[in-house]
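Here the structure comes first, spelled out in structure tokens, and everything after it is commentary.
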Amino acid sequence: MRYDAVVIGGGPGGYVCAIRLAQLGKKVALVEKHKLGGECLNYGCIPSKALIFASSLYDKIQHASDFGIEVENVHLNIDKLHSFRTALITKLNTGIGFLLKHNKVDVISGQAQFISPQKISVNGSQDVEADSFVVSTGSEPIQIPGFEYDGNFIMGSKEALELSPLPKNLLVLGGGVIGLELGTYFSKLGSKVSIVEMMDQLLPGVDKELVSVVERALKKRGVEIYTSTKAKKIEKSNGVSLKIEAPDGEKVLTADKLLVTIGRKASVGTLGLDKAQVKVSEKGFIVVDENLKTSNSHIYAIGDVTGQPLLAHKASHDGISVAEYIVKNKNRKKSPMSWAIFTDPEIAGVGLSQDEAQKGGKNVIVGKFPFMALGRALAVSEPEGFVKVIADRDTQEVLGVFMVGAHTSDLISESALAVTHHLRLEDIADTIHPHPTLPEGFMEAAQVALGKAIHIPNR
-19 MRYDAVVIGG
-9 GPGGYVCAIR
1 LAQLGKKVAL
11 VEKHKLGGEC
21 LNYGCIPSKA
31 LIFASSLYDK
41 IQHASDFGIE
51 VENVHLNIDK
61 LHSFRTALIT
71 KLNTGIGFLL
81 KHNKVDVISG
91 QAQFISPQKI
101 SVNGSQDVEA
111 DSFVVSTGSE
121 PIQIPGFEYD
131 GNFIMGSKEA
141 LELSPLPKNL
151 LVLGGGVIGL
161 ELGTYFSKLG
171 SKVSIVEMMD
181 QLLPGVDKEL
191 VSVVERALKK
201 RGVEIYTSTK
211 AKKIEKSNGV
221 SLKIEAPDGE
231 KVLTADKLLV
241 TIGRKASVGT
251 LGLDKAQVKV
261 SEKGFIVVDE
271 NLKTSNSHIY
281 AIGDVTGQPL
291 LAHKASHDGI
301 SVAEYIVKNK
311 NRKKSPMSWA
321 IFTDPEIAGV
331 GLSQDEAQKG
341 GKNVIVGKFP
351 FMALGRALAV
361 SEPEGFVKVI
371 ADRDTQEVLG
381 VFMVGAHTSD
391 LISESALAVT
401 HHLRLEDIAD
411 TIHPHPTLPE
421 GFMEAAQVAL
431 GKAIHIPNR
């Protein structure tokens, strides 16, 4: 069989790319070895957010009496929660299949492997040729010797999302995004959670001022946190015993289960990239140019397989960019990449941090506004956190925006628009925001940076 373009991998990058290629008039096939939607839909973004939402709802009900709402005998039916999760996945998975069919994309089920620079074999039996290939096979968890998943005591994020019954005690090895999000989920549903992180802070690479708000909330919830701590040895017998080396010495932590979330690597092991003459980096990610073309001019790569940041929306954006380049020779436009972490409170950001801007030679001005000074945040009893705006002092251009607080994953998009289109502080401060709403925090932070704050003292 021969196509104009073949996309390998049906995740948020692959299926979007395939649909856009078809919309642009190409004959397209999508090869998927497992389920449409990829890791994000089936074992990541979507199911984890469903479970995190449910755990937050459960937690809020526990404190409903603070609002005069008396609720008794609250019970968690974990099996019913998992039924909701699986039904959600099925619904979205079916939706992707419909969209691919509607756009006349041929979906081929099976494992793709390159057998030459312009030909793949699916399941070793069906050869497929194309003018262009797009690799979008995503990433997979890194496993370390001695801590491999065993289907019982040691698990990864996929197994954690399906876990029933819930563990009374849970150890989380790795204090990054996945570890904190799932640690929050389990702690809200009653598990005693301990998090072990090798670096000197949770969420390495994220502004410590933002992280400190989340860390404080975790500790208030009873989560034990060990930073600058190495995992040395694990023993398994009716649970796990983890020997750690902390700043104050060695100790042993015990739990029913160990969740290992120490990072991810590109899923390229079975693709036969050597036969396709595609180069990979020392860390195993596919090397691409500014238009996501690999060392083989007929093959492109998008999403997680190309390296950080490992974000579903980056993969989707890459997919559209590659489709436009293949068909129209339209160069990829790099845009600031917004991101969100679904802890409680949430963290979100876009653009340059204060440190990055200063290292880049910018004379920066910073505006910071606390949510506790927003009427809406107080009205819904979610006053934790703040909005921080970083701008060029000379031009007033907004360079970066970072937030920690309730619903910041929903609030960051306005900031992404501002950073992407080089808006100025005055543009934000002069934009009328509805009251009372949480997005007012962005406007207020811009006013703070301009020295025009109304609702907190100017400094």
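For what it's worth, the working numbering labels the leading residue of the sequence shown as -19, then goes sequentially. Using N, Cα and C, we set each Cβ at its ideal position, and we do this for glycine too.
Sequence-distant partners of Cys25 (beyond 5 residues in either direction) whose C-beta falls short of 7 Å from its own C-beta, in its chain, are Ala292.
Cβ-Cβ distances below 7 Å link Ile58 to Ser144, Pro145 and Leu146 in the same chain, with the five nearest sequence neighbours on each side left out; the list follows chain order.
Taking the Cα of Lys314 as reference, the smallest distance to any Cα among Phe322, Lys294 and Ser333 is reached at Lys294. Setting aside the 5 residues that flank it on each side, Lys432 is surrounded in the same chain by Ala409, each with a C-beta closer than 7 Å to its C-beta; the list follows chain order. Secondary structure note for Asp59: its alpha helix (DSSP H) is the uninterrupted segment Ile58 to His82.
Between the alpha carbons of Thr234 and Ser221 lies a gap of roughly 4 Å. A Cβ-Cβ separation of about 6 Å places Val108 in contact with Ala9 under the 8 Å criterion. Taking C-alpha positions only, Thr417 is separated from Phe33 by approximately 21 Å. Spanning the alpha carbons of His82 and Phe94 requires a straight line of approximately 28 Å. Exposed is the label assigned to Thr250, since fewer than 16 other Cβ atoms lie within 10 Å of its Cβ. Counting the other Cβ atoms within 10 Å of the Cβ of His297 gives 16 or more, which makes it buried. Beta-bridge partners of Asn149 (DSSP): Lys172. As summarised for the segment 265 to 337, the continuous alpha helix (DSSP H) elements at least 4 residues long and confined to that stretch are 292 to 308, given in chain order. Under a 10 Å Cβ-count criterion, Gln427 is classified as buried, with 16 or more other Cβ atoms of the shown protein chains found around its own Cβ. Residue burial is scored here from C-beta neighbours: Lys259 has fewer than 16 other C-beta atoms within 10 angstroms and is therefore classed as exposed. Taking each of Val369, Arg(-18), Pro27 and Lys200 in turn and checking the Cα distance to Asp335, the smallest one comes out for Val369. The bridge partners DSSP lists for Ala92 are Val102.
Partner residues in a beta bridge of Thr164, as assigned by DSSP, do not exist. Here the C-alpha atom of Lys263 lies approximately 34 Å from the C-alpha atom of Met(-19). Per the DSSP secondary-structure output, Ile214 pairs in a beta bridge with Leu222.
Assigned with DSSP and collapsed to three states, Arg439 falls in coil, not helix or strand. Per DSSP, reduced to three states, the secondary structure at Thr234 is strand. Under DSSP, Lys245 shares a beta bridge with Glu120. According to the DSSP secondary-structure assignment, Gly229 is paired through a beta bridge with Ala226. Contact annotation: Asp111 and Asp(-16) have beta-carbon atoms nearer than 8 Å.
Membership of Pro97 in any alpha helix (DSSP H) is not indicated, and neither H nor E is assigned to it by DSSP.
For Pro350, the three-state secondary structure derived from DSSP is strand. Annotation: Pro(-8) to Ile300 spans about 11 Å, alpha carbon to alpha carbon. Ala371 is bridged by DSSP to Ile345 and Val378.
Excluding its 5 nearest sequence neighbours in each direction, Leu397 has no C-beta neighbour in its own chain below 6 Å. With a contact defined as Cβ atoms closer than 8 Å, Lys216 and Lys223 miss out at about 13 Å.
Rounded to the nearest angstrom, the gap between the Cα atoms of Gly(-11) and Glu12 is 5 Å.
Counting of Cβ neighbours within 10 angstroms places Glu142 among the exposed residues, the total staying below 16. Taking one beta carbon from each stretch, the segment 72 to 88 and the segment 42 to 49 have fewer than 3 pairs nearer than 8 Å; the two do not touch.
Ile434 counts as exposed, since fewer than 16 other C-beta atoms from the protein chains shown sit within 10 angstroms of its C-beta. DSSP, read as helix, strand or coil, puts Tyr38 in helix.
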